[in-house]
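Right, one structure below, let's go through it.
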Ligand code: UD1
């Protein structure tokens, strides 16, 4: 297992390019299940999850040609050989559930392992299943698997369009049902749908494949089912979470960095919170420039919410910044339970954070000190790394495989801006 050693205290200066979005790419890859023609994706991030998703699709019958270094993948599913998503793959990556909607839409059958518990709370998949059931799928939960099929009596084994209201906003369930609906018989109306940019990116790709979708990016999406979809070429949107994470780097170290490849509208809410903290954030022709000369950081309280609210995936990073604020900030986590696992680790570095259920109260301190800390999930890991960049002395972040799930070449990107950071083998 690797660990990352950061020697803090250097203000970052320079440019950091943003990769393609992991969270957009995962559903886009599963969209290839909806057609027998090739789907070519570009701007694909070179991350472990892409490899895992490729392996899952291959196990279902896909031929996947990956060029990770060129950030490109071509996926072709001439036919679904085995509609079974095995536990061994699903347990590694919850997004595996996204193959269920497309498999049902394409062939009227699919079996997917139920994802296990997850470090950031229970994270059920009930909404995915309820929606597919409403579309006519018959589900049987046994042996840890969801066995789903569409009865032949229903339009010859084809899902039906329905009006479905999500009781809570879910990104994954919106994606799954939107994909399922593209090939259903009739019109599907998804109400209280997620509005995330990743949903819009998926809708754009599906539309290019021949789907009829209206309203993606709003809370009501209407999909008119078609008989077949074709292949297309699609460039994955920039990763707004990676972008936001790197925006914190100059803010926390007191530097000046332009994060390129994404646009400000992807990170509006974070930018507003950072500006309220006294950080300069401005749009440039190729990205966003963030700087903090030597002014203090003002405390900002915020609540995580579905898009366009403050992203739960940026909560840990903003918390790292708030540990150095001039006062008290209150952070309410409303999306996932148990998503403050970075708080005790930040505390080891000298932060003053009190967690009470879904609320964290952060009392800013004048400085952080390097310490050995442990990454517990993807976004917690980057927050520790960001804190390490600002801390005095050496911080070693262990279990960086979490980090590698979401950040491509992270040390290289930060080092290019002056960060003292290296990856070492951790033999403990
Ligand atoms: C996606 C992102 C993840 C991000 C999250 C919220 C991917 C691969 N992952 O995850 O990085 O943190 O959005 O922005 O895109 N819920 C249910 N039942 C369900 C589904 C969800 O109760 O069937 C609940 C969840 O427990 C959670 C909330 O709905 O409280 C939002 O979850 P959801 O938007 O579905 O997250 P993911 O799509 O899994």
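Numbering (our numbering), first residue to last: 365 to 792. Cβ atoms here follow ideal geometry from the backbone N, Cα and C, with glycine treated the same way. This one's a predicted model, so the numbers in the text were calculated from it and none came from an experiment.
So what does residue i bridge to, in DSSP terms?
| i | result |
| --- | --- |
| residue 716 | 727 |
| residue 744 | DSSP, once it has assigned bridges, lists no residue as partnering residue 744. |
| residue 381 | 624 |
| residue 549 | 524 |
| residue 475 | 448, 511 |
| residue 789 | 366 |
| residue 598 | 405 |
| residue 761 | 368, 737 |
| residue 555 | 529, 584 |
| residue 756 | 733 |
At a threshold of 7 Å, does residue i count as lining the ligand UD1 (C-beta to nearest heavy atom)?
| i | result |
| --- | --- |
| residue 702 | no |
| residue 404 | no |
| residue 491 | yes |
| residue 811 | No answer is possible for residue 811: the residues shown for the chain start at 365 and end at 792. |
| residue 768 | no |
| residue 487 | yes |
| residue 458 | yes |
| residue 387 | yes |
| residue 661 | no |
| residue 696 | no |
| residue 394 | no |
| residue 578 | no |
| residue 600 | no |
| residue 756 | no |
| residue 478 | no |
| residue 564 | no |
| residue 699 | yes |
| residue 685 | no |
| residue 535 | yes |
| residue 657 | no |
| residue 532 | yes |
| residue 558 | yes |
| residue 811 | No answer is possible for residue 811: the residues shown for the chain start at 365 and end at 792. |
| residue 335 | Lying outside 365 to 792, the shown extent of the chain, residue 335 is not represented and no answer is given. |
| residue 567 | no |
| residue 552 | no |
| residue 677 | yes |
Between the options, which lies nearest to residue i when the distance is taken from Cα to Cα?
| i | options | result |
| --- | --- | --- |
| residue 569 | 686, 598, 420 | 598 |
| residue 494 | 526, 751, 648 | 526 |
| residue 513 | 727, 372, 469, 633 | 469 |
| residue 666 | 630, 722, 716 | 722 |
| residue 465 | 763, 398, 477, 450 | 398 |
| residue 630 | 573, 592, 565, 664 | 565 |
| residue 552 | 496, 533, 628 | 496 |
| residue 445 | 460, 536, 471, 727 | 471 |
| residue 581 | 559, 571, 590 | 559 |
| residue 442 | 639, 498, 396, 694 | 396 |
| residue 388 | 477, 407, 401, 478 | 407 |
| residue 528 | 434, 499, 522 | 499 |
| residue 651 | 623, 451, 638 | 623 |
| residue 679 | 697, 670, 479 | 697 |
| residue 756 | 778, 713, 491, 743 | 713 |
| residue 740 | 724, 733, 705, 773 | 705 |
| residue 620 | 380, 572, 725, 677 | 380 |
| residue 702 | 550, 455, 648, 487 | 487 |
| residue 711 | 700, 725, 541 | 725 |
| residue 607 | 504, 635, 694 | 635 |
| residue 687 | 641, 771, 573, 368 | 641 |
| residue 370 | 750, 524, 434 | 750 |
Could you tell me whether any non-hydrogen atom of the ligand SAM is closer than 7 Å to the CB of residue i?
| i | result |
| --- | --- |
| residue 475 | This structure lacks the ligand SAM; its bound ligands are the ligand UD1. |
Starting from residue i, trace the beta strand (DSSP E) both ways and give me its first and last residue.
| i | result |
| --- | --- |
| residue 736 | 736-738 |
| residue 782 | That residue, residue 782, is in no beta strand (DSSP E); it is neither H nor E in DSSP. |
| residue 504 | 502-506 |
| residue 440 | 436-440 |
| residue 577 | 576-578 |
| residue 587 | 584-588 |
Starting from residue i, trace the alpha helix (DSSP H) both ways and give me its first and last residue.
| i | result |
| --- | --- |
| residue 492 | 490-498 |
| residue 615 | 604-617 |
| residue 564 | 561-572 |
| residue 640 | 632-640 |
| residue 545 | 535-546 |
| residue 771 | Premise fails: residue 771 is in no alpha helix (DSSP H) and is neither H nor E. |
Is there a C-beta anywhere in chain B that falls below 8 Å from the one on residue i?
| i | result |
| --- | --- |
| residue 660 | No chain B appears in the structure shown, which is made up of a single protein chain. |
Kindly provide the ranges of any beta strand (DSSP E) runs that are 3 or more residues long and lie completely inside the segment 395-433, ordered along the chain. At a cut-off of 3 residues, the continuous stretches assigned as beta strand (DSSP E) that sit fully inside the segment 395-433 are 403-406, 427-431.
Residue ranges of each alpha helix (DSSP H) within the segment 637-706, 4 or longer: Scanning the segment 637-706 from its first residue to its last, the whole alpha helix (DSSP H) runs of 4-plus residues come out as 679-686.
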